[in-house]
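Take a look at the structure below.
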Amino acid sequence: MKKLNLFKLAVCNLQRKVIRTILLLLVAALVSGTLLSATVFIFGMQNALKIGTYRLGADVLVVPAKNEEQARTALLAGKPTSFYMERAVLERIRKVEGVRVASPQIFIEPSSFTCCYNVDVFLVAFDPASDFTVMPWLEKSSRVTISGDEVIAGRAMPLMTGATIPFFGTPFKVVGTMEPTGMKFFDQSIFMTTDAAYRMAENSASRSMQPIKLDKDKISAVLVKTDGTISPERVALRIMHDLDDVKAIASDEVVNTVRKQLSGLLTGIVAVSGVLWTMCLFMIGFAFYMIVNERQRELGMLRAMGAKRGQVFSLIILEAVLITLAGGLLGLGLGFGLLFALEDVIRTGLQLPYLLPSPMVVQELVVGSLLFSVLTGLVSALLPALLASRLEPYEAIRTGE
Amino acid sequence: MIEAINLSKTYQAGGQILAAADRVNVNVARGEMVAVVGHSGSGKTTLLSLLGGLTRPDSGQVLIDGVDIWSLADSALSELRNRKLGFIYQFASLIPTLSVLDNVCLPSTFGPGLDNLIGTAKELLAQVGLADKANFYPAQLSGGQQRRVAIARAFISAPAVILADEPTGDLDEETEREIINLFRRVNEEQATTFVIVTHNREIAAQTHRQLVMKDGVLDAAI
Chain S
1 MKKLNLFKLA VCNLQRKVIR TILLLLVAAL VSGTLLSATV FIFGMQNALK
51 IGTYRLGADV LVVPAKNEEQ ARTALLAGKP TSFYMERAVL ERIRKVEGVR
101 VASPQIFIEP SSFTCCYNVD VFLVAFDPAS DFTVMPWLEK SSRVTISGDE
151 VIAGRAMPLM TGATIPFFGT PFKVVGTMEP TGMKFFDQSI FMTTDAAYRM
201 AENSASRSMQ PIKLDKDKIS AVLVKTDGTI SPERVALRIM HDLDDVKAIA
251 SDEVVNTVRK QLSGLLTGIV AVSGVLWTMC LFMIGFAFYM IVNERQRELG
301 MLRAMGAKRG QVFSLIILEA VLITLAGGLL GLGLGFGLLF ALEDVIRTGL
351 QLPYLLPSPM VVQELVVGSL LFSVLTGLVS ALLPALLASR LEPYEAIRTG
401 E
Chain F
402 MIEAINLSKT YQAGGQILAA ADRVNVNVAR GEMVAVVGHS GSGKTTLLSL
452 LGGLTRPDSG QVLIDGVDIW SLADSALSEL RNRKLGFIYQ FASLIPTLSV
502 LDNVCLPSTF GPGLDNLIGT AKELLAQVGL ADKANFYPAQ LSGGQQRRVA
552 IARAFISAPA VILADEPTGD LDEETEREII NLFRRVNEEQ ATTFVIVTHN
602 REIAAQTHRQ LVMKDGVLDA AI
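Keeping their order, the protein sequence lines are chains S and F.
Counting with the working numbering, you get residues 1 to 401 for the letters of the first sequence.
Counting with the working numbering, you get residues 402 to 623 for the letters of the second sequence.
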């Protein structure tokens with residue numbers, strides 16, 4: 001037989017009113033799960049933003065002025081789009097002061113070739129000779145060169161290396177996959193060389209039901225890496241000064257746009273979480289106030305048996321912490337279940353970058369969440385526990401009679 | 402063993418100050434069995450609580466083995482209650498989710514050096530006639546049986562003093578007799594001191610000394 005101790009006593013006390021205990025546990029689980037999923041959600045967005053911005057690789061993105069909004073939507077929300085400007089822009093950008101590398105890209109909006117996949121596909125053609133934004137981000141196991149009718153698939157594409165996929169009637173072989181970023185622009189894109197894209201367009205007339213017209217003198221965007229002597233914002237301004245009809249967007253500007261988009265959402269999440277937590281504290285606190293009240297005589301008896309004030313205090317705190325900790329564990333399951341279930345909804349519904357934090361961060365969040373649950377129990381039951389510990393034994397016994 | 406010196410305690414009720422104990426002086430020797438009798442509201446229970454360190458007197462002292470218990474810090478006073486005093490009330494106040502055996506062992510949760518009391522608890526349960534009920538839960542016992550469990554619990558730490566408040570109230574005559582016999586046996590065999598508050602003249606008659614409490618004043622020995 002196990003020796004009786006405060007822990008066992010606390011567990012036994014919680015078993016007395018099972019429904020009340022379960023209700024309190026569910027409240028704790030709900031709050032803990034909500035707080036956890038909100039935290040992981042915020043971390044996920046910041047993570048994606050950080051990786052996505054870094055992943056973009058370019059300091060400045062140059063697009064046709066009239067297509068600025070489309071470009072931003074494509075970049076931030078991953079919405080497939082097509083727009084073009086003269087290729088001659090590329091050489092002029094390369095001559096702008098502060099520009100170290102300029103690499104062209106062509107965005108091709110998909111059409112009926114997406115026959116086999118239920119995801120949006122964004123075709124991006126790049127120039128391997130000047131590229132500095134695609135090839136460095138191939139997964140380690142992938143090849144490091146791309147040629148002919150070969151493509152690289154974004155992480156969210158349901159394609160394995162070695163698979164073949166047709167675009168506009170031309171079959172392409174997948175030779176590599178990209179590291180995940182949490183941004184649809186990268187994760188749901190198929191990358192091919194500009195030469196392959198032009199060839200695909202030429203052939204589409206005879207091979208595809210929906211041929212594509214792609215002029216070799218046209219490109220969609222120019223990605224610029226600065227030489228570091230001038231800030232990207234200044235380089236963007238210089239590009240717009242020297243060239244007509246283009247919009248140069250510094251990557252910081254992109255980040256700031258997303259941050260602005262996020263800040264309102266984050267404030268809302270933090271406010272709701274704060275209100276939920278406060279309500280949880282009050283509910284559990286009130287429940288324990290009632291528990292102390294209804295057990296006054298018993299608490300007086302425990303004191304008569306020799307329970308010290310600290311032991312009575314610990315007993316009440318232990319009961320509350322057991323509830324919130326069990327609720328916290330249940331909340332972990334609820335929170336992560338909700339996040340995994342809604343991962344796609346977050347990406348597509350909110351049109352925001354989102355990438356589940358690394359396992360290390362998730363581990364830290366789990367530990368943090370459980371510690372927070374313990375803290376919730378402790379804080380909520382603090383006053384009732386103090387009240388219980390300060391009861392005069394005789395008064396408690398008499399009042400409880 | 403246990404001594405009260407000029408012990409006073411007042412309460413406020415309906416704007417009036419009531420003296421529950423008024424300059425009470427009493428000395429109970431080791432191994433003595435004393436009954437405190439008196440009408441309801443005369444202050445008997447308050448006196449018992451003052452002697453047991455459950456309520457602080459307005460003035461006066463309570464000495465147990467020469468130590469003024471109200472000069473002790475809470476933890477020392479709690480330890481003294483745990484090791485030297487056993488309380489028996491009219492009600493059982495058992496914890497419903499603990500087994501009978503665990504309920505008897507409950508005081509061991511709060512004091513150091515009260516380990517391995519399971520054997521003692523079983524012996525005590527046998528003495529109160531509940532040997533076969535050790536693994537039962539309070540809800541499975543009658544009111545009288547629950548009270549006997551509470552009595553066994555009061556004896557678990559082999560206290561030097563038992564303070565009993567109407568220990569046999571509402572019990573049938575046979576159980577009452579068994580309990581008083583148990584008290585007497587423990588008193589004789591272990592020299593345990595008993596202070597018993599009772600209305601029951603038969604029980605009072607079986608003690609060594611009877612004290613009468615009236616309006617907070619401990620009048621005189623009968």
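All residues carry an ideal CB built from backbone N, CA and C; glycine is no exception.
Exercise for the section: Following the continuous beta strand (DSSP E) through Arg-484/F, name the residue where it begins and the one where it ends. Expected result: If you number the second sequence from 1, residue 484/F lands on position 83. First-last for Arg-484/F: 475 to 485, but that is the alpha helix (DSSP H), not the beta strand (DSSP E).
Practice task
Output the distance between the C-alpha atoms of Thr-278/S and Ala-38/S, rounded to the nearest integer angstrom.
Solution key: On the first sequence, residue 278/S is found 278 positions in, with the first residue counted as 1. On the first sequence, residue 38/S is found 38 positions in, with the first residue counted as 1. Roughly 16 Å between the two C-alpha positions.
Practice task
Kindly list, in the order they appear in chain S, the residues whose Cβ is closer than 9 Å to that of Gly-453/F.
Solution key: Taking the first residue of the second sequence as position 1, residue 453/F is located at position 52. Simply Ala-304, Pro-393 and Tyr-394.
Exercise for the section: Buried or exposed for Phe-191/S, please, with buried defined as at least 16 other CB atoms from any protein chain shown within 10 angstroms of its CB. Expected result: If you number the first sequence from 1, residue 191/S lands on position 191. Phe-191/S comes out buried.
Problem - Residue-chain proximity (Arg-593/F, chain S), Cβ-Cβ < 8 Å - result: Residue numbering aside, residue 593/F sits at position 192 when the second sequence is read from its first letter. According to the sequence shown, residue 593/F is Thr rather than Arg. It does not: the Cβ of Thr-593/F has no partner Cβ on chain S nearer than 8 Å.
Exercise for the section: Answer with yes or no whether the minimum CB distance from Ile-489/F to chain S is below 8 Å. Expected result: In the second sequence, counting from the first residue as 1, residue 489/F sits at position 88. No, its Cβ sits nowhere closer than 8 Å to a Cβ of chain S.
Handout entry: Best match in Ala-28/S, Thr-193/S, Ser-263/S and Leu-391/S for proximity to Met-45/S [C-alpha to C-alpha]
Key = The sequence position of residue 45/S within the first sequence is 45, counting from 1. Ranking the options by Cα distance to Met-45/S, first place goes to Ser-263/S.
Handout entry: Given Val-101/S as reference, the closest of Val-292/S, Val-222/S and Leu-330/S once Cα atoms are compared
Key = Numbered from 1 along the first sequence, position 101 holds the residue referred to as residue 101/S. Answer by Cα proximity: Val-222/S.
Problem - Burial state of Val-345/S (16 or more Cβ within 10 Å) - result: What you label residue 345/S is simply residue 345 of the first sequence in a count that begins at 1. Looking at its Cβ environment, which holds fewer than 16 other Cβ atoms inside 10 Å, Val-345/S is exposed.
Practice task
Report the three-state DSSP secondary structure of Ser-409/F (helix, strand or coil).
Solution key: Mapped onto the second sequence, residue 409/F falls at position 8. For Ser-409/F, the three-state secondary structure derived from DSSP is strand.
Practice task
Alpha carbon to alpha carbon, how far is Thr-569/F from Ile-489/F? Give it in angstroms, no decimals.
Solution key: Taking the first residue of the second sequence as position 1, residue 489/F is located at position 88. Taking the first residue of the second sequence as position 1, residue 569/F is located at position 168. Approximately 10 Å, taken between the alpha carbons.
Exercise for the section: Can you grab the Cα-Cα spacing for the pair Ser-369/S / Ser-251/S, in whole Å? Expected result: In the first sequence, counting from the first residue as 1, residue 369/S sits at position 369. In the first sequence, counting from the first residue as 1, residue 251/S sits at position 251. Their backbone Cα atoms lie some 34 Å apart in a straight line.
Handout entry: Amino acids of chain F, ordered along the chain, whose beta-carbon sits closer than 7 Å to that of Gln-15/S
Key = The count along the first sequence starts at 1 and reaches residue 15/S at position 15. Correct list: Thr-498.
Problem - Helix, strand or coil at Met-240/S [DSSP, three-state] - result: Within the first sequence, numbered from 1, the residue matching residue 240/S stands at position 240. It is helical.
Practice task
Take Gly-300/S and list the residues in its own chain whose beta-carbon comes closer than 6 Å to its own, dropping the five residues that flank it on each side.
Solution key: Within the first sequence, the letter at position 300 stands for residue 300/S. In the same chain as Gly-300/S, and ignoring 5 residues on each side of it, the C-beta atoms closer than 6 Å to its own belong to Pro-393, Ala-396 and Ile-397, in chain order.
Problem - Residue from Val-362/S, Ala-320/S, Leu-315/S and Gly-327/S whose Cα sits closest to the Cα of Arg-336/S - result: One-based indexing of the first sequence puts residue 336/S at position 336. Per the sequence shown, the amino acid found at residue 336/S is Phe instead of Arg. With distances taken between Cα atoms, Phe-336/S lies closest to Val-362/S.
Exercise for the section: Determine the DSSP secondary structure at Leu-214/S, reduced to helix, strand or coil. Expected result: Along the first sequence, read from residue 1 onward, the residue named residue 214/S stands at position 214. Residue state, collapsed to three classes: coil.
Handout entry: Beta-carbon proximity of Ala-125/S to Ala-196/S, cut-off 8 Å
Key = As a first step, residue 125/S must be located in the first sequence, where it is residue number 125. As a first step, residue 196/S must be located in the first sequence, where it is residue number 196. Yes.
Exercise for the section: Give the straight-line distance between the Cα atoms of His-609/F and Leu-564/F, rounded to the nearest whole angstrom. Expected result: Translated into positions along the second sequence, residue 609/F becomes position 208. Translated into positions along the second sequence, residue 564/F becomes position 163. Those two C-alpha atoms are separated by around 15 Å.
Exercise for the section: Please name the residue in Val-435/F, Ile-403/F and Ser-443/F whose C-alpha comes closest to that of Tyr-412/F. Expected result: Stepping through the second sequence from its first residue, residue 412/F is reached at position 11. Taking only the C-alpha atoms, the option nearest Tyr-412/F is Ser-443/F.
Exercise for the section: Could you say which of Val-587/F, Gln-541/F, Arg-424/F and Ile-604/F lies nearest to Glu-448/F if we only look at CA atoms? Expected result: Locating residue 448/F in the second sequence gives position 47, counting from the first residue. In the sequence under discussion, the amino acid at residue 448/F is Leu, which differs from the Glu named in the question. Cα-wise, what sits closest to Leu-448/F is Arg-424/F.
Exercise for the section: Note the first and the last residue of the continuous alpha helix (DSSP H) segment covering Pro-384/S. Expected result: Within the first sequence, residue 384/S is the residue found at index 384, counting from 1. 359 to 390 is the extent of the alpha helix (DSSP H) around Pro-384/S.
Practice task
Output, in sequence order along the chain, the residues in the segment 461 to 481 of chain F whose CB is closer than 7 Å to any CB in chain S.
Solution key: Asp-475, Ser-476, Ser-479 and Glu-480
Practice task
With 8 Å as the C-beta to C-beta threshold (strictly closer), list the residues of the segment 497 to 531 of chain F near chain S in chain order.
Solution key: Pro-497, Thr-498, Leu-499, Leu-502, Asp-503, Cys-506, Leu-507, Pro-508, Ser-509, Thr-510, Phe-511, Gly-512, Asp-516 and Ile-519: these are the residues of the segment 497 to 531 of chain F whose beta carbon lies less than 8 Å from some beta carbon of chain S, given in chain order.
Handout entry: For Val-174/S, the first and last residue of its enclosing alpha helix (DSSP H)
Key = In the first sequence, counting from the first residue as 1, residue 174/S sits at position 174. Segment 170 to 177 is the beta strand (DSSP E) holding Val-174/S; no alpha helix (DSSP H) there.
Problem - beta strand (DSSP E) segment containing Lys-95/S, residue limits - result: Translated into the one-based positions of the first sequence, residue 95/S becomes position 95. Careful: Lys-95/S lies outside any beta strand (DSSP E) and carries neither H nor E.
Practice task
Could you spell out the range, first to last residue, of the beta strand (DSSP E) harbouring Glu-150/S?
Solution key: The residue given as residue 150/S occupies position 150 in the first sequence. Run containing Glu-150/S: 150 to 153, per the beta strand (DSSP E) assignment.
Practice task
Could you tell me which uninterrupted alpha helix (DSSP H) segments, each at least 4 residues in length, are contained entirely in the segment 489 to 535 of chain F, listed from first to last along the chain?
Solution key: 501 to 506 and 519 to 528
Handout entry: Limits of the unbroken beta strand (DSSP E) element including Ile-456/S
Key = Here chain S comprises residues numbered 1 to 401, so residue 456/S is not present and cannot be evaluated.
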